[in-house]
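Peer 1: This is the structure I have questions about; it appears just below.
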Amino acid sequence: DAKTTQPPSMDCAEGRAANLPCNHSTISGNEYVYWYRQIHSQGPQYIIHGLKNNETNEMASLIITEDRKSSTLILPHATLRDTAVYYCIVQRTGTASKLTFGTGTRLQVTL
Amino acid sequence: SAVISQKPSRDICQRGTSLTIQCQVDSQVTMMFWYRQQPGQSLTLIATANQGSEATYESGFVIDKFPISRPNLTFSTLTVSNMSPEDSSIYLCSVEQGGDAEAFFGQGTRLTVV
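Here the protein sequences come in this chain order: Z and G. Going by the working numbering, the first sequence opens with residue 710, and the numbers climb by one from there. Going by the working numbering, the second sequence opens with residue 532, and the numbers climb by one from there.
Put into structure tokens, the structure is as follows:
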């Protein structure tokens with residue numbers, strides 16, 4: 710599976726959009742970009758995933774560049790409850806959930 | 532979505548002893564996984580728990596240290612054997628459900644070895 714690179718930490722003011730970047734320059738054509746988050750003392754939670762098109766759900770939006778070498782997770786209106794470590798993971802759907810977690814981005818949402 | 536219950540939620544154990552962690556899912560699932568999260572670190576996959584056959588271990592993890600059972604499609608156990616302080620971690624159970632391979636995680640078992 711391709712590796713990912715994320716900034717170690719980011720801050721965001723409550724109510725603002727949080728834009729979390731991820732680089733995955735070695736991604737293969739059949740690999741998807743997944744985002745999970747881990748709130749303190751909880752198990753990871755699935756957020757969103759995509760292949761090449763931008764995706765949106767009730768939690769977030771995922772923007773994937775045309776060359777698929779990077780992506781951005783957008784939390785449109787961050788709240789204090791969005792404070793967590795966010796993991797960008799690249800994997801082939803169908804390989805089951807053998808997830809390879811990187812170090813992630815620690816997002817701190819502040820008042 | 533799948534609801535996963537892990538027991539115990541936390542424990543403090545003496546070195547040299549063993550602890551068995553249980554993972555119960557509210558529906559039948561094909562794949563179950565065990566992860567370890569060492570203090571301040573990310574998650575690392577220990578093994579895939581296969582129903583009806585031996586677990587598949589990742590590099591660096593062995594059956595003698597982390598024996599796994601998977602008696603049916605809703606339940607699995609992970610045993611941490613002959614524990615040392617280095618085994619102090621959060622152990623998490625995960626399952627896959629559905630064609631999109633979205634993973635669901637339990638709340639984890641926080642283990643401290645003294």
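A virtual CB, placed ideally from N, CA and C, is assigned to each residue, including glycine.
Measuring alpha carbon to alpha carbon, tell me which of Z:Arg725, Z:Arg801 and Z:Gln715 ends up nearest His786 (chain Z).
Peer 2: Position 77 of the first sequence, counted from the start, is the residue given in the question as residue 786 (chain Z). Taking only the C-alpha atoms, the option nearest His786 (chain Z) is Z:Arg725.
Peer 1: Classify Ala793 (chain Z) as buried or exposed, calling it buried when 16 or more other Cβ atoms lie within 10 Å of its own Cβ.
Peer 2: Taking the first sequence and counting its residues from 1, the one referred to as residue 793 (chain Z) is at position 84. So Ala793 (chain Z) ends up on the buried side.
Peer 1: Tell me which same chain residues have a C-beta within less than 7 Å of the C-beta of Arg815 (chain Z), skipping the five on either side of it?
Peer 2: Reading the first sequence from its first residue, position 106 is the one you call residue 815 (chain Z). Correct list, in chain order: Pro717, Ser718 and Val794.
Peer 1: Please say whether Ser612 (chain G) and Arg546 (chain G) have beta carbons closer to each other than 7 Å?
Peer 2: Mapped onto the second sequence, residue 546 (chain G) falls at position 15. Mapped onto the second sequence, residue 612 (chain G) falls at position 81. No, the Cβ-Cβ distance between Arg546 (chain G) and Ser612 (chain G) is not below 7 Å.
Peer 1: Suppose you measure from the CA of Arg541 (chain G) to the CA of Thr548 (chain G); what does that come to, to the nearest Å?
Peer 2: Taking the second sequence and counting its residues from 1, the one referred to as residue 541 (chain G) is at position 10. Taking the second sequence and counting its residues from 1, the one referred to as residue 548 (chain G) is at position 17. Distance between the alpha carbons of Arg541 (chain G) and Thr548 (chain G): 15 Å.
Peer 1: Rounding to the nearest angstrom, what Cα-Cα distance links Pro570 (chain G) and Ser737 (chain Z) in this structure?
Peer 2: The residue labelled residue 570 (chain G) in the question sits at position 39 within the second sequence. The residue labelled residue 737 (chain Z) in the question sits at position 28 within the first sequence. Near 32 Å, if we compare the C-alpha coordinates of Ser737 (chain Z) and Pro570 (chain G).
Peer 1: Using only the alpha-carbon positions, how far apart do Gln817 (chain Z) and Pro730 (chain Z) sit?
Peer 2: Taking the first residue of the first sequence as 1, we reach residue 817 (chain Z) at position 108. Taking the first residue of the first sequence as 1, we reach residue 730 (chain Z) at position 21. Taking the straight line joining both Cα atoms gives about 15 Å.
Peer 1: Short of 7 Å in beta carbon distance, which residues of its chain neighbour Asn728 (chain Z), apart from the five on each side in sequence? Order them along the chain.
Peer 2: As a position in the first sequence, residue 728 (chain Z) is number 19, starting the count at 1. For Asn728 (chain Z), where only same-chain residues beyond five positions count, the Cβ hits under 7 Å are Thr781 and Ile783.
Peer 1: Sort G:Phe635, G:Thr640 and G:Thr643 by Cα distance to Val534 (chain G) and report the nearest one.
Peer 2: Taking the second sequence and counting its residues from 1, one reaches residue 534 (chain G) at position 3. Looking at the Cα atoms, G:Phe635 is the closest of the given residues.
Peer 1: For Lys712 (chain Z), which option in Z:Asn732, Z:Ala722 and Z:Cys721 has the closest C-alpha, if you only look at C-alpha atoms?
Peer 2: As a working mapping, residue 712 (chain Z) is identified with position 3 in the first sequence. Of Z:Asn732, Z:Ala722 and Z:Cys721, the residue nearest in Cα terms is Z:Asn732.
Peer 1: List the residues of chain Z that Leu576 (chain G) touches, going by C-beta distances under 8 Å, in chain order.
Peer 2: Counting from 1 along the second sequence, the entry for residue 576 (chain G) is found at position 45. Ordered by position in chain Z, the residues that pass the 8 Å Cβ test against Leu576 (chain G) are Lys807, Leu808 and Thr809.
Peer 1: Roughly how many angstroms lie between the CA atoms of Ile599 (chain G) and Leu820 (chain Z), to the nearest whole one?
Peer 2: Residue numbering aside, residue 599 (chain G) sits at position 68 when the second sequence is read from its first letter. Residue numbering aside, residue 820 (chain Z) sits at position 111 when the first sequence is read from its first letter. Taking the straight line joining both Cα atoms gives about 45 Å.
Peer 1: What in chain Z is Cβ-close to Leu623 (chain G), meaning under 9 Å?
Peer 2: One-based indexing of the second sequence puts residue 623 (chain G) at position 92. Here the neighbours are Gly752 and Pro753.
Peer 1: Determine the DSSP secondary structure at Pro716 (chain Z), reduced to helix, strand or coil.
Peer 2: As a first step, residue 716 (chain Z) must be located in the first sequence, where it is residue number 7. If DSSP states are grouped into helix, strand and coil, Pro716 (chain Z) belongs with coil.
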